[in-house]
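What follows is a single structure, written as structure tokens, with notes after it.
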Amino acid sequence: MSDDIVIQTRALSKVYRDFWGRQKVRALKPLDMEIHRGEVFGLLGPNGSGKTTTIKLILGLLFPTEGEAIVFGKRSTDVSKNERIGYLPEESYLYRFLNAEETLDFYGRLFDMPAATRSERVDSLIKMVGLDKARKRQLQEYSKGMTRRIGLAQALINDPELILLDEPTSGLDPIGTREMKDMILRLKGEGKTVVMCSHLLADVQDVCDRIAILHQGELKELGRVDTLLTVADVTQIRARNLTPECQNEIREVISRNHGELMEMDNPSTTLEELFLSIVRDSEARPGRRANVEPVTSDT
Amino acid sequence: MVLEQDILPYFQWLWSGSADSLGALPRFLLVSLGVGLLGLLVGYSIAAARHGLLRGGDIVYRTISNGVREIFETSPRRVLALAGLAMKEAWRRRVVVALIVFFIILVFASWFLKKNHQDPAKLYISFVLTATTYLVLGIALLLSAFSLPHDFKTKTIYTIVTKPVRLGEIVLGRILGFTAVGTILLAIMGVCSYVFVNRSLDHTHTVEQSSLKNVSDADGAVIGKDGRTSLNSYHRHEVELDTDGQGVALNNYGHTHRVVKSGGKEVTLGADGIMNARVPQWGKLTFLDRQGVPKARGINVGSEWTYRSFVDGATQATAIWTFKNISPALNSEAQGGLPIGLIVRVFRTHKGIIGKPITGSIQVRNPETGLTSELIPFAAMDAKIDERAIPRKLTGTDNSELDLYKDLVSSNGELEIRVQCLERGQYFGFAQPDMYIRMRDASPIVNYFKVCLSIWVQMVIVISIGVAGSTLLSGPVAMLFTVSFIVLGFFRPFFVGVAQGTEYGGGPVESFYRLITQMNVISNLEDNLLTRLIQGVDWVYKTFMLSLAQVLPDFSSLSTVDFAAYGFNVPADLVWQDLTMCLAYVLGMSIVGYFLFRTREVAR
Ligand SMILES: Nc1ncnc2c1ncn2[C@@H]1O[C@H](COP(=O)(O)OP(=O)(O)OP(=O)(O)O)[C@@H](O)[C@H]1O
Ligand SMILES: [Mg+2]
Numbered sequence: 002m003s004d005d006i007v008i009q010t011r012a013l014s015k016v017y018r019d020f021w022g023r024q025k026v027r028a029l030k031p032l033d034m035e036i037h038r039g040e041v042f043g044l045l046g047p048n049g050s051g052k053t054t055t056i057k058l059i060l061g062l063l064f065p066t067e068g069e070a071i072v073f074g075k076r077s078t079d080v081s082k083n084e085r086i087g088y089l090p091e092e093s094y095l096y097r098f099l100n101a102e103e104t105l106d107f108y109g110r111l112f113d114m115p116a117a118t119r120s121e122r123v124d125s126l127i128k129m130v131g132l133d134k135a136r137k138r139q140l141q142e143y144s145k146g147m148t149r150r151i152g153l154a155q156a157l158i159n160d161p162e163l164i165l166l167d168e169p170t171s172g173l174d175p176i177g178t179r180e181m182k183d184m185i186l187r188l189k190g191e192g193k194t195v196v197m198c199s200h201l202l203a204d205v206q207d208v209c210d211r212i213a214i215l216h217q218g219e220l221k222e223l224g225r226v227d228t229l230l231t232v233a234d235v236t237q238i239r240a241r242n243l244t245p246e247c248q249n250e251i252r253e254v255i256s257r258n259h260g261e262l263m264e265m266d267n268p269s270t271t272l273e274e275l276f277l278s279i280v281r282d283s284e285a286r287p288g289r290r291a292n293v294e295p296v297t298s299d300t
Numbered sequence: 079m080v081l082e083q084d085i086l087p088y089f090q091w092l093w094s095g096s097a098d099s100l101g102a103l104p105r106f107l108l109v110s111l112g113v114g115l116l117g118l119l120v121g122y123s124i125a126a127a128r129h130g131l132l133r134g135g136d137i138v139y140r141t142i143s144n145g146v147r148e149i150f151e152t153s154p155r156r157v158l159a160l161a162g163l164a165m166k167e168a169w170r171r172r173v174v175v176a177l178i179v180f181f182i183i184l185v186f187a188s189w190f191l192k193k194n195h196q197d198p199a200k201l202y203i204s205f206v207l208t209a210t211t212y213l214v215l216g217i218a219l220l221l222s223a224f225s226l227p228h229d230f231k232t233k234t235i236y237t238i239v240t241k242p243v244r245l246g247e248i249v250l251g252r253i254l255g256f257t258a259v260g261t262i263l264l265a266i267m268g269v270c271s272y273v274f275v276n277r278s279l280d281h282t283h284t285v286e287q288s289s290l291k292n293v294s295d296a297d298g299a300v301i302g303k304d305g306r307t308s309l310n311s312y313h314r315h316e317v318e319l320d321t322d323g324q325g326v327a328l329n330n331y332g333h334t335h336r337v338v339k340s341g342g343k344e345v346t347l348g349a350d351g352i353m354n355a356r357v358p359q360w361g362k363l364t365f366l367d368r369q370g371v372p373k374a375r376g377i378n379v380g381s382e383w384t385y386r387s388f389v390d391g392a393t394q395a396t397a398i399w400t401f402k403n404i405s406p407a408l409n410s411e412a413q414g415g416l417p418i419g420l421i422v423r424v425f426r427t428h429k430g431i432i433g434k435p436i437t438g439s440i441q442v443r444n445p446e447t448g449l450t451s452e453l454i455p456f457a458a459m460d461a462k463i464d465e466r467a468i469p470r471k472l473t474g475t476d477n478s479e480l481d482l483y484k485d486l487v488s489s490n491g492e493l494e495i496r497v498q499c500l501e502r503g504q505y506f507g508f509a510q511p512d513m514y515i516r517m518r519d520a521s522p523i524v525n526y527f528k529v530c531l532s533i534w535v536q537m538v539i540v541i542s543i544g545v546a547g548s549t550l551l552s553g554p555v556a557m558l559f560t561v562s563f564i565v566l567g568f569f570r571p572f573f574v575g576v577a578q579g580t581e582y583g584g585g586p587v588e589s590f591y592r593l594i595t596q597m598n599v600i601s602n603l604e605d606n607l608l609t610r611l612i613q614g615v616d617w618v619y620k621t622f623m624l625s626l627a628q629v630l631p632d633f634s635s636l637s638t639v640d641f642a643a644y645g646f647n648v649p650a651d652l653v654w655q656d657l658t659m660c661l662a663y664v665l666g667m668s669i670v671g672y673f674l675f676r677t678r679e680v681a682r
């Protein structure tokens with residue numbers, strides 16, 4: 002497998018069973034995808050569509066029912082891959098009796114790094130997530146957003162190459178959301194791979210290179226954000242210095258006139274439009290990969 | 079003190095064991111093998127049922143090979159970080175409450191424990207140390223059983239297992255962290271109870287001037303005074319003083335005093351020997367029956383507990399201890415004689431003369447030449463330690479003068495001490511540890527430390543079991559699991575007895591059947607289909623119990639509180655055995671815990 006591929010899933014699927022082995026939920030139907038080094042990958046889908054399940058399977062927190070997930074060329078159950086991974090869970094599950102410094106110091110000790118580097122990193126991360134004033138306070142006194150921030154710092158303590166963010170912006174204030182986006186782009190700039198799931202589609206549209214859309218555990222769409230959002234059968238023309246007559250006849254004569262053609266391409270829709278159309282389509286015709294053909298203007 | 083099993087020398091215990099048991103190391107390996115195979119079987123069955131035969135096999139293989147690899151990847155740095163976390167967590171869970179409870183117990187002890195007991199030190203030490211044991215084991219149980227399940231419940235475990243942490247490190251870190259917390263608590267409790275016992279029992283007396291009488295030697299010259307002390311702490315002592323008024327207050331209530339002259343009056347200093355660490359050298363016990371025929375045991379006077387057996391009075395029945403390596407160097411402190419201790423259990427078939435103790439006799443014999451000393455009579459004090467010295471100069475049965483070491487010790491250093499009961503119809507009961515040669519005392523404070531160490535060992539074992547169980551079970555269930563381990567461990571000999579069928583009444587189902595049909599435990603079951611079925615089911619039960627017994631820690635023999643209470647030194651062999659056992663449990667339980675953890679999906 003190529004060195005460029007960070008995560009690969011092969012027919013990865015998950016069925017949640019109860020204690021007696023009876024099937025409860027098919028949370029993920031066989032999923033094949035690859036995530037490349039240096040890209041920001043977005044996992045989208047309605048609530049309960051299997052995003053968190055996918056991330057947990059990639060991390061080895063869950064065992065796949067079928068198939069497997071390969072991370073850095075290793076099976077997801079191999080802990081040594083974790084040296085290079087940072088993970089921000091859905092909610093920050095941290096020890097409430099530790100303060101910010103102790104938390105980061107503790108997680109830092111789980112990695113092989115010199116004490117000096119560790120304390121340096123603890124310090125800079127606390128500053129980065131804006132918790133400098135609260136660094137000595139126990140986490141149980143933290144607000145939701147503050148917990149989120151310390152959770153993020155915890156995920157970055159080992160300077161990971163692959164960062165998995167499960168709804169990174171939930172609970173953050175507008176400034177925090179903005180900072181989160183900037184940070185993701187900065188990490189991308191440093192050549193790191195980011196996998197995130199989020200419900201804030203505008204943000205995903207801003208930062209993600211590629212996205213996958215899941216619905217009821219099924220992959221409905223996977224591709225580059227720019228191609229996905231391009232409407233194929235619509236041509237968009239921006240022109241200057243057209244006479245009113247030309248404007249009237251524009252459909253037939255544009256090339257014969259003296260107008261200067263400034264731009265001619267397909268317009269893009271918003272991610273929100275795409276998302277809603279896929280979900281609607283999937284609900285109307287379940288069990289099919291929704292949108293093999295590109296988005297059309299009438300959807 | 080009761081010592082039901084011989085304490086084997088450490089290496090014998092480790093390698094070869096005794097006549098009826100395997101050495102500890104081979105047994106450990108065997109049990110590990112058994113547990114390993116069983117785990118493999120169960121693991122494969124479950125995996126095969128879930129994922130099919132082939133994939134199941136693959137999963138089992140990968141789990142094991144990963145496990146073996148991860149053992150070598152264990153990092154002390156991560157283990158210590160996790161241990162530190164466990165300590166902080168314990169602190170957060172207010173383990174200090176245990177100390178408060180402990181101090182309340184001490185306060186109650188000082189109110190309610192009687193000082194007019196025959197041996198108040200025994201009462202105090204055993205109470206305080208038993209309380210410490212239960213308290214420490216209780217904390218160990220609560221900390222270890224609830225910690226990991228709590229992490230699963232709050233999902234904090236997600237952020238741990240997504241770091242390069244090996245699951246074994248989580249288990250080991252927990253064990254270490256809680257052990258550290260427990261050690262601190264135990265150290266505080268140990269020091270406090272030591273001070274408490276010594277301070278509570280310390281006291282002084284003054285010498286009663288009116289009781290003093292001159293003692294003169296053969297020429298009539300006054301060489302000192304005899305008398306008694308005042309009554310303090312419910313007792314008084316006989317005193318022996320020299321002409322300067324210095325001397326000793328003789329042993330009573332388990333201790334002595336030194337007497338000095340202060341302000342013109344003779345007063346005692348504080349009590350000596352509240353805590354003792356006698357170092358006994360035990361011999362081998364055999365018997366002669368009433369006709370003088372050698373027997374391995376004496377007779378049974380009808381008690382179910384077969385620890386002691388009895389000799390009948392005024393017959394030839396004799397208890398004979400053979401001691402090895404006897405030389406004057408054994409106890410250089412005791413001048414002149416061979417100090418021995420004797421515990422006699424008196425069984426009376428008639429009252430005798432009320433208030434008068436039963437008399438017995440001690441004889442010393444050379445097992446080689448057969449030279450025997452004249453009877454040394456003694457008054458048997460039931461179940462109390464009678465400490466005396468066998469004098470250097472003895473008279474033989476033929477009225478010859480005998481020297482203890484020259485004439486009565488054989489050329490290979492052996493010596494026989496024979497004890498008989500002299501009154502018809504009365505019986506003396508003995509077990510092997512009931513007679514010992516008292517060597518130089520060890521330091522009581524070191525001995526106290528060793529006893530605390532044995533509590534520590536029990537604590538670590540409980541923590542290991544609790545943590546291992548909690549990797550798979552929820553908190554309350556893990557606690558029940560550990561508690562059943564502890565309870566069965568405390569009654570291990572009985573449990574094994576039932577499993578081997580040496581206890582009356584049969585296995586669990588049979589005894590239940592006897593219970594509901596009100597049948598006594600001795601009479602045979604009638605032979606029919608039902609009873610055969612019962613015994614068949616019992617056979618399965620017993621096999622299961624016997625296998626379970628192999629991994630049960632024997633808590634009753636791990637506890638050395640009795641040594642401190644009765645004032646005996648804990649033998650070094652025993653300390654090493656306990657520590658080795660502890661290590662074995664930590665090792666075994668970490669591995670069991672690792673694999674249980676491994677089979678668990680963290681994010682369920
Ligand atoms: N531990 C579990 N046991 C049983 N079913 C589960 C469990 N965890 C998740 N599920 C089910 O699996 C499906 C996918 O859940 P998942 O958490 O992956 O969704 P999600 O896409 O992350 O949703 P959200 O946007 O709400 O976070 C859901 O139907 C959910 O009910
Ligand atoms: Mg989710």
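Chains as they are written, first to last, in our numbering: chain H, 2 to 300; chain B, 79 to 682. All C-beta atoms in this analysis are idealised placements derived from N, C-alpha and C, irrespective of residue type, glycine included. Quick caveat: nothing in here was measured; it's all calculated off a predicted structure.
Secondary structure note for methionine 79 of chain B: it is in no beta strand (DSSP E), with a DSSP letter that is neither H nor E. Beta-bridge pairing by DSSP links tyrosine 88 of chain H to H:Leu165. For methionine 114 of chain H, there is no enclosing beta strand (DSSP E), as DSSP gives it neither H nor E. Look at isoleucine 432 of chain B here: in three-state DSSP terms it is coil, with no helix or strand label. When distances are taken from the beta-carbon of alanine 28 of chain H to the heavy atoms of ligand 1, the shortest one is below 7 Å.
The C-alpha of tryptophan 360 of chain B is placed about 9 Å away from the C-alpha of arginine 516 of chain B.
Inter-residue distance for asparagine 606 of chain B and methionine 623 of chain B is about 25 Å (C-alpha atoms, whole angstroms).
Taking a C-beta distance under 8 Å as the contact criterion, glycine 51 of chain H and alanine 28 of chain H qualify as a contact pair. Beyond the five residues adjoining it in sequence on each side, tyrosine 236 of chain B comes within less than 8 Å, by CB distance, of Val680 and Ala681 in the same chain, given in chain order. The beta carbons of leucine 153 of chain H and valine 130 of chain H sit closer together than 8 Å. Contact check between the segment 394-406 of chain B and the segment 365-377 of chain B: three or more CB pairs, one atom from each, fall below 8 Å, which counts as touching. Ranked by how close their Cα comes to the Cα of methionine 513 of chain B, the residues B:Leu593, B:Leu531 and B:Phe401 have B:Phe401 in first place. The three-state reading of DSSP puts methionine 459 of chain B in coil, since its state is none of H, G, I, E or B. For leucine 416 of chain B, the uninterrupted beta strand (DSSP E) segment begins and ends at 416-421.
Taking 7 Å as the upper bound on Cβ-Cβ separation, chain B lies near residues Leu62, Leu63, Phe64, Val80, Ser81, Asn83, Glu84, Ile86, Tyr88, Pro90, Tyr94 and Leu95 of the segment 61-95 of chain H.
In this structure, H:Leu62 is the residue among H:Glu40, H:Glu35, H:Leu62 and H:Asp5 with its C-alpha nearest to the C-alpha of lysine 15 of chain H. Of all residues, those with a beta-carbon under 7 Å from at least one heavy atom of ligand 2 are H:Lys52, H:Thr53, H:Glu91, H:Asp167, H:Glu168 and H:Cys198, reported in chain order. Listed by position along chain H, the residues whose Cβ is nearer than 9 Å to that of glutamate 581 of chain B form an empty set, because the closest Cβ is around 37 Å away. Taking non-hydrogen atoms of ligand 1 into account, the C-beta of serine 125 of chain H is found less than 7 Å away from none of them. For tyrosine 514 of chain B, the secondary structure class from DSSP, reduced to helix, strand or coil, is strand. Look at histidine 37 of chain H here: in three-state DSSP terms it is strand.
Each of H:Arg187, H:Ser125, H:Gly87 and H:Ser81 was checked against the Cα of arginine 147 of chain B, and the nearest Cα belongs to H:Ser81. The beta carbon of glycine 39 of chain H does not come within 8 Å of any beta carbon belonging to chain B, so the residue lies off that interface. The beta carbon of alanine 509 of chain B sits closer than 6 Å to those of Tyr385 and Arg386, all from its chain and outside the five residues before and after it, given in chain order.
Chain H places no beta carbon closer than 8 Å to that of arginine 252 of chain B, leaving this residue out of the contacts.
Contact between glycine 567 of chain B and phenylalanine 633 of chain B holds: CB atoms are separated by about 4 Å, below the 8 Å threshold. Unbroken alpha helix (DSSP H) stretches of 4 residues or longer found wholly inside the segment 230-294 of chain B: 234-239 and 245-279, given in chain order.
With contacts defined as CB atoms closer than 8 Å, lysine 241 of chain B and tyrosine 17 of chain H fail to qualify as a contacting pair. Relative to the non-hydrogen atoms of ligand 1, the Cβ of glycine 46 of chain H comes within a distance shorter than 7 Å of at least one. Relative to ligand 1, even the nearest heavy atom lies 7 Å or more away from the CB of arginine 128 of chain B. Leucine 551 of chain B sits away from phenylalanine 563 of chain B, with the two beta carbons spaced by 8 Å or more. C-alpha of glycine 302 of chain B to C-alpha of lysine 343 of chain B: approximately 15 Å in a straight line. DSSP, read as helix, strand or coil, puts glutamine 441 of chain B in strand. Assignment of beta strand (DSSP E) within the segment 319-366 of chain B, counting only whole runs of 3 or more residues, yields 325-330, 333-340, 343-350, 357-360 and 362-366 in chain order.
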